[in-house]
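Numbering (UniProt numbering), first residue to last: 1 to 333. A virtual CB, placed ideally from N, CA and C, is assigned to each residue, including glycine.
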């Protein structure tokens with residue numbers, strides 16, 4: 001079968017023929033119908049992200065996966081061939097979280113193995129391309145909003161970076177009742193997208209009137225929560241400056257650079273917080289599937305393009321260059 005394989009030691013990526021995997025005890029083999037392309041995949045290829053638990057040097061990429069159950073390993077019950085499923089983006093093994101497509105083989109392949117407990121059934125009317133991106137692209141901002149930040153209706157929020165995760169954050173914040181929603185992105189297409197998804201205002205971070213607009217939208221109070229989906233130091237400083245009393249800055253975008261709080265006295269006096277966030281828990285994925293099944297969420301606008309698995313390198317190149325400002329590119333084996 002075809003699979004998109006990365007040699008971590010040399011950072012060389014290729015789509016190549018590999019043996020079909022066979023499900024072991026407790027495993028299910030899934031015929032992959034769609035797999036998302038994430039910045040984490042690009043970071044793996046470029047070398048800024050390295051697997052912590054990969055037993056060898058080579059891994060099949062892809063942690064956003066949906067497809068159909070094909071066959072069952074020994075001892076697996078409750079699943080039938082042909083069932084439509086998505087796969088959780090990872091699982092706990094030996095007290096540590098292992099990520100699919102990073103620490104073990106993922107879904108950039110015609111067939112993928114998954115521990116039975118990591119399968120989530122999806123409704124017949126949810127397209128595979130939309131289901132595949134729920135783990136991570138949608139569940140990460142949902143977990144940041146609902147769990148880490150604990151956003152409540154009518155709270156003023158800001159979203160810095162309206163790309164793959166930030167676009168869904170705007171959509172989910174609108175559903176959760178946050179108001180106003182201030183979206184911030186230097187790219188005009190991204191700002192237009194934010195408004196279409198439910199933002200109340202979309203700003204260029206370099207706009208001279210930036211602070212005045214935020215003040216007007218929040219009636220001078222500032223933002224209760226600011227989400228950084230960009231992972232850029234300048235973004236974090238700007239977001240901190242917009243926070244209200246007891247305001248929270250939630251760091252979702254990853255950055256190795258230090259975080260600077262320029263006025264520590266003011267930060268403490270206003271009882272503000274900086275909260276780190278990473279990924280999601282299994283229940284966040286199942287919550288989102290349930291919401292999509294009830295028509296509360298529509299991810300049709302999130303699939304920017306669908307490419308064949310053989311063109312995985314093209315997808316990575318397009319993501320790296322931000323060609324067309326995609327929300328999510330999806331591979332179809």
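Q.
Checking the sheet assignment: what are the DSSP bridge partners for residue 121?
A. Along the chain shown, read from residue 1 onward, the residue named residue 121 stands at position 121. Answer by DSSP bridge pairing, in chain order: 85.
Q: Pick out whichever of 6, 103 and 12 has its Cα sitting closest to the Cα of residue 53.
A: Mapped onto the chain shown, residue 53 falls at position 53. Closest option to residue 53, judged by alpha-carbon separation, among 6, 103 and 12: 103.
Q.
Tell me the rounded alpha-carbon separation between residue 115 and residue 136.
A. Working through the chain shown from its first residue, we reach residue 115 at position 115. Working through the chain shown from its first residue, we reach residue 136 at position 136. Going by the C-alpha atoms only, they are around 18 Å apart.
Q. Taking contact to mean at least 3 C-beta pairs separated by less than 8 Å, is the stretch 147-159 in contact with the stretch 117-124?
A. no
Q. Who does residue 69 pair with in a DSSP beta bridge?
A. Position 69 of the chain shown, counting from 1, holds the residue named residue 69. 30, per the DSSP bridge assignment.
Q: Please classify residue 43: does DSSP put it in a helix, a strand, or coil?
A: Residue mapping note: residue 43 aligns to position 43 of the chain shown, counting from 1. Of the three classes helix, strand and coil, the one that applies to residue 43 here is helix, per DSSP.
Q | Residue of 7, 26, 74 and 2 minimising C-alpha distance to residue 16 | A | The sequence position of residue 16 within the chain shown is 16, counting from 1. For residue 16, the nearest C-alpha among the options comes from 2.
Q) For residue 261, which residues of its own chain have a beta-carbon under 6 Å away from its beta-carbon, when the five flanking residues on both sides are left out? A) Position 261 of the chain shown, counting from 1, holds the residue named residue 261. Around residue 261: 267.
(Q) Am I right that residue 59 and residue 105 are in contact with their C-beta atoms under 8 Å? What's the rounded C-beta distance? (A) Mapped onto the chain shown, residue 59 falls at position 59. Mapped onto the chain shown, residue 105 falls at position 105. Going by Cβ atoms, the distance from residue 59 to residue 105 rounds to 6 Å, so yes, they are a contact pair.
Q. Just the Cα atoms here: how many angstroms apart are residue 75 and residue 31?
A. Position 75 of the chain shown, counted from the first residue, corresponds to residue 75. Position 31 of the chain shown, counted from the first residue, corresponds to residue 31. Roughly 20 Å separates the two Cα atoms.
Q | Closest residue to residue 107 among 132, 289 and 95 (Cα-Cα distance) | A | Taking the chain shown and counting its residues from 1, the one referred to as residue 107 is at position 107. Among 132, 289 and 95, the Cα nearest to that of residue 107 belongs to 132.
Q. When the Cα atoms are used, what is the spatial distance from residue 321 to residue 207?
A. Here residue 321 refers to the residue found at position 321 when the chain shown is read from its first residue. Here residue 207 refers to the residue found at position 207 when the chain shown is read from its first residue. Roughly 24 Å separates the two Cα atoms.
**Q.** Cut-off 6 Å between Cβ atoms - residues of its own chain near residue 276, not counting five sequence neighbours on either side
**A.** Position 276 of the chain shown, counted from the first residue, corresponds to residue 276. Cβ neighbours of residue 276 beyond the five flanking positions: 251.
Q. In three-state DSSP terms, what is residue 153?
A. The residue you call residue 153 lines up with position 153 of the chain shown. Coil at residue 153, not helix or strand.
(Q) Could you check whether residue 239 and residue 226 sit closer than 8 Å to each other, using their CB atoms as the reference points? (A) Looking up residue 226 in the chain shown gives position 226. Looking up residue 239 in the chain shown gives position 239. Yes, these two residues count as a Cβ contact at 8 Å.
Q: For chain C, find out if any of its Cβ atoms is closer than 8 Å to the Cβ of residue 37; answer yes or no.
A: As a matter of chain content, chain C is missing from the structure shown, which is built from one protein chain.
(Q) Are the CB atoms of residue 230 and residue 253 within a distance shorter than 8 Å? (A) Stepping through the chain shown from its first residue, residue 253 is reached at position 253. Stepping through the chain shown from its first residue, residue 230 is reached at position 230. Yes, they are a contact pair.
Q: May I have the straight-line CA-CA distance separating residue 319 from residue 42, to the nearest angstrom?
A: Your numbering for residue 319 matches position 319 in the chain shown. Your numbering for residue 42 matches position 42 in the chain shown. Going from the Cα of residue 319 to the Cα of residue 42 covers about 8 Å.
**Q.** Residue from 18, 300, 213 and 317 with nearest C-alpha to residue 336
**A.** The first residue shown for the chain is 1 and the last is 333, placing residue 336 beyond what the model contains.
**Q.** Three-state secondary structure assigned by DSSP to residue 98
**A.** Along the chain shown, one-based indexing puts residue 98 at 98. Three-state DSSP puts residue 98 in a strand.
Q: Could you have a look at residue 161 and say whether DSSP puts it in helix, strand or coil?
A: As a working mapping, residue 161 is identified with position 161 in the chain shown. Coil at residue 161, not helix or strand.
Q) Closest by CA to residue 55, which one among 7, 333 and 129? A) Translated into positions along the chain shown, residue 55 becomes position 55. Out of 7, 333 and 129, 7 has the C-alpha closest to the C-alpha of residue 55.
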